[in-house]
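Here is the structure we will look at, set down as structure tokens.
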Amino acid sequence: DSGSLFEGTYAELDTFTSITNYKVAQQIYNLQTEYKNYMQYELKHIALEINFTRDVFKEKENTIYIPKIGKSEPVSRIQDIQLKHQNYFQVVLDKKVMSRYLEIFFKSKIGLLALESLVRGEVIGHRTKTDLEVMKLPIPELTTQELIVTTSKKIEMLKTSAAAFESELSVNPNSATAIQGELNNVLESLGKLSKEDEILALVRSGESKTLEFKQTFTKDVDMNIKD
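Residues in the sequence shown are numbered from -4 upward in steps of one, following this note's numbering.
Next up, the structure:
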């Protein structure tokens, strides 16, 4: 990009808003993501209502709240709203789209870029209802949406558990052995546990009806050092 006035490109006049937004749209186009394999719908074709308020929204089923200003993320639960309600669009969705799926999409790189591409204004950036209505969104089959939502919930559960382990370890160092056992179980199921750690986990758990040790190991499992 030389910045020359003699170089340029063509853009649709009815969808062009600014050079910045055009560049964001190009980033989305160049992004390698499976979201591009899904059917694309303009928001107005999957929304039953797009509302705004000067007061407080009345909660509605299957709804996502998209901020008019700033970089706050869209949320699917009214209690998760971070700004005043007047700074959001309330989008009530058709039953073929799960609000939680859209919330997850907007947290992805391509989703964040899609939101960024709608921002107008240099000082206080804002989004308009007109631009929001024509924003294209990737919508998979409902079964795929449900799978994405369920998987996301499980990831959040893992994050919560990891945070709880970290908190417990910081105030109760003696819990390290128990915590390590729990973490080893998770890592083993993910295939991330090293062979050495697998053996050490078996040693610490002791013999059982199906496990019996027949040789001496050369590593001190209590001191974590080799003899």
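Beta carbons: idealized from backbone N, C-alpha and C, even for Gly.
Predicted model only: the values in this text are computed from it and were never measured.
When C-beta atoms of the stretch 82 to 96 are compared with those of the stretch 56 to 66, three or more pairs fall below 8 Å, so the two segments count as touching. With respect to the C-alpha of residue 71, the residue from 65, 125, 28, 101 having the closest C-alpha is 101. Distance check between residue 104 and each of 184, 133, 39, 26 places 26 closest, using alpha-carbon atoms only. Look at residue 58 here: in three-state DSSP terms it is strand.
Residue 134 has its alpha-carbon roughly 26 Å from the corresponding atom of residue 80.
For the 9 Å CB-CB criterion, residue 52 and residue 85 form a contact.
Following the DSSP letters along the chain, one finds residue 144 inside the alpha helix (DSSP H) bounded by residues 137 to 166.
Three or more Cβ pairs closer than 8 Å define a contact, and the stretch 119 to 134 meets that threshold against the stretch 33 to 44. Per the coordinates, the alpha-carbon of residue 110 lies some 12 Å from the alpha-carbon of residue 124. Residue 34 has 134 as its beta-bridge partners, per DSSP. As computed with DSSP, residue 22 is found in no beta bridge at all.
By DSSP's assignment, residue 83 forms a beta bridge with 62. Short of 6 Å from the beta carbon of residue 55, and not among the five residues preceding or following it, lie these beta carbons of its own chain, in chain order: 87.
Residue burial is scored here from C-beta neighbours: residue 114 has at least 16 other C-beta atoms within 10 angstroms and is therefore classed as buried. About 15 Å separates the beta carbons of residue 171 and residue 182, which is beyond the 8 Å limit, so they are not a contact pair.
With a contact defined as Cβ atoms closer than 8 Å, residue 64 and residue 120 qualify at about 7 Å.
Where residue 45 is concerned, the enclosing beta strand (DSSP E) starts and stops at 42 to 46.
Going by C-alpha positions, residue 46 is about 25 Å away from residue 118.
Per DSSP, the continuous alpha helix (DSSP H) segment holding residue 184 begins and ends at 171 to 184.
Contact annotation, residue 89 with residue 153: C-beta distance approximately 31 Å; criterion of less than 8 Å not satisfied. The alpha-carbon separation between residue 176 and residue 149 amounts to approximately 20 Å. Within the model, the alpha-carbon separation for residue 66 versus residue 108 is close to 11 Å.
In this structure, residue 91 places its C-beta atom within 9 Å of the C-beta atom of residue 41.
Residue burial annotation: residue 169 is exposed, with fewer than 16 other C-beta atoms found within 10 angstroms of its C-beta.
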